[in-house]
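Reviewing the structure listed below.
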Amino acid sequence: MTKSKILVTGAAGFIGFHLSKRLLDDGHIVIGIDNLNNYYDPKLKEDRLAILQKYNNFTFYKIDISDRPAIEQFFASLNLEHRTLNVEQFYIIHLAAQAGVRYSLENPYAYIDSNIYGFLNILEGCRHHSPKHLIFASSSSVYGLNTKMPFSVQHNVDHPISLYAATKKSNELMAHTYAYLYNIPITGLRFFTVYGSWGRPDMSYFKFTKAILEGKPIDVYNYGNMKRDFTYIDDIIEGIVRLIDKIPSPNPNWNRELPDPSSSCAPYRLYNIGNNNPVDLLYFIEVLEKTIGKKTKINFLPMQSGDVLETYADIKDLTKVTEFKPQTSIEEGVNKFVSWYKDYHEIYLQ
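Heads up: the sequence shown at position 127 corresponds to 131 in this note's numbering, and the numbers run straight through without jumps.
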């Protein structure tokens, strides 16, 4: 891929950090924006950011994507700088969002502010400043009440069961509209349970690790009868990077009478990006225990509102376009995460 100028929103977040670092290592110019909010410990975000700021080809702006005047001013100045630097390739990878299914039950307005208003501001920036490609983060949560496995981008996803999922489905609709109206090439990625080093403390695997190391019990919902398509962060990043220069074009075979949800007569595509291998939650916990070297007590609890029983990504479309295939087993991924966790928190077990 030609050396490019790439805007990454949510650059201090879990996926945004790893992606920015990979792009910087590959020699691209990366502009990162993030509001460094306190949804979880800002120190983790600041520590990620400190690593990125060691690169000469990285520039950071602390901006809330829901702040319309700030985003408009940012895009205007970025466009001027873009022309000054004479960088031919300009891409946007939009990862900033209010994440978390359960938190959306407690603070729904945060999801509208960030995921709806914020995404609209990014789309308007694209409308006026013409990136070569916009890639945005959707979520496997959009599959909601669907039970047909594996989840496919050809399936209907009109029955979300959390506001978080509803905002991500809305993002897909908004993106398609802008692709159609303004001929902006846009790709949406439905992420499946991303885990790994520098991960989010609100995720279950992170909470489990912390509790097991501290000798505390863990809460497991639906009495452990759940499966997740756990996807290691390195595999996610590889998939995103391979898609950057895969510019979507209108699907010449798209049928208005039998519309394919994953493509369009507009330059728009949707892909699942996951491990393509669902794992029993209790097995995941077992691997964690073996890796840490400690057993844990499990509090089995009923199903939580907004959760789904199982996720399983059909990634055939993504593999066809990028030759993407996840490489990291659960055992290897968990080992890498636990090693990072103990090193980051300076935990040294006997």
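The C-beta atom is built at its ideal place from N, Cα and C for all residues, glycine as well.
A quick note: this is a predicted structure, and the numbers were derived from the prediction, not measured.
- Within the same chain, and ignoring the five residues on either side of asparagine 255 in sequence, the residues whose Cβ sits closer than 8 angstroms to its Cβ are Asp264, Ser267, Ser268 and Cys269.
- Taking all protein chains shown into account, glutamine 102 has 16 or more neighbouring C-beta atoms within 10 Å of its C-beta and is therefore buried.
- Runs of the beta strand (DSSP E) lying entirely within the stretch 226 to 262, each at least 3 residues long, are absent.
- Under the 8 angstroms Cβ criterion, the stretch 6 to 22 counts as touching the stretch 34 to 42, having at least three qualifying pairs.
- Selection Ile334, Trp344, Ile222 and Tyr147 evaluated against arginine 204 yields Trp344 as nearest (Cα-Cα).
- In the DSSP assignment, the residues bridged to asparagine 276 are Arg194.
- Straight across, the Cα-Cα distance linking tyrosine 236 with leucine 167 is about 25 angstroms.
- Bounds of the alpha helix (DSSP H) holding valine 338 are 334 to 348.
- From the listed residues Tyr227, His137 and Ala141, the smallest Cα separation to asparagine 187 is found for His137.
- When the beta-carbon positions are compared, isoleucine 126 and isoleucine 67 stay at least 8 angstroms from each other.
- Put simply, the backbone Cα of leucine 177 is about 28 angstroms away from that of tyrosine 65.
- Listed in chain order, the non-local C-beta contacts of proline 46 below 8 angstroms within the same chain comprise Leu40, local neighbours out to five positions each way being set aside.
- According to the DSSP assignment, isoleucine 302 belongs to the beta strand (DSSP E) that extends over 302 to 305.
- Only residues of its own chain outside the window of five on either side were considered, and among them Met307 have a CB closer than 6 angstroms to the CB of asparagine 226, listed in chain order.
- Under the three-state reduction of DSSP, tyrosine 95 is assigned to strand.
- A buried status is given to alanine 183, since no fewer than 16 other beta-carbon atoms sit within 10 Å of its beta-carbon.
- Taking 3 residues as the shortest admissible run, the stretch 96 to 154 contains the following complete beta strand (DSSP E) segments, listed from N- to C-terminal end: 137 to 143.
- Here phenylalanine 304 is exposed. Its C-beta has fewer than 16 other C-beta atoms within 10 Å.
- Only residues of its own chain outside the window of five on either side were considered, and among them Tyr236, Asp238 and Asp239 have a CB closer than 7 angstroms to the CB of threonine 332, listed in chain order.
- A check of alpha carbon separations from phenylalanine 234 across Ile319, Trp258, Arg52 and Thr197 identifies Thr197 as the nearest.
- With a cutoff of 8 angstroms on beta-carbon distance, alanine 215 and threonine 300 are scored as near each other.
- DSSP places isoleucine 188 in the coil class of the three-state scheme, outside both helix and strand.
- Excluding five sequence positions before and after glutamine 57, the CB atoms of its chain that fall closer than 8 angstroms to its own CB belong to Phe64, given in chain order.
- Shortest Cα-Cα distance from glutamine 77 to any of Glu128, Pro189 and Tyr95 involves Glu128.
- In the DSSP secondary-structure assignment, aspartate 284 is bridged to Lys231.
- In the three-state DSSP reduction, lysine 320 falls in the helix class (H, G or I).
- DSSP links glycine 36 through a beta bridge to Val12 and Phe64.
- Nearest Cα to serine 309 within the set Pro271, Gly104 and Ser253: Gly104.
- Between the beta-carbon of isoleucine 116 and that of threonine 191 there is about 24 angstroms, and that puts the pair past the 8 angstroms contact cut.
- For a cut-off of 8 angstroms, the C-beta gap from valine 291 to glutamate 335 is around 6 angstroms, short enough to register as a contact.
- With a 10 Å radius around the Cβ and a threshold of 16 neighbouring Cβ atoms, lysine 25 comes out buried.
- In this structure, Asp311 is the residue among Leu27, Ile319 and Asp311 with its C-alpha nearest to the C-alpha of leucine 109.
- A straight-line Cα-Cα distance of about 13 angstroms links aspartate 29 and lysine 9.
- Rounded to the nearest angstrom, the gap between the Cα atoms of valine 34 and arginine 72 is 22 angstroms.
- Leu217 is the residue among Asn119, Leu217, Thr295 and Thr181 whose C-alpha sits nearest the C-alpha of isoleucine 351.
- Going by DSSP, glycine 203 is part of no alpha helix (DSSP H) at all; its letter is neither H nor E.
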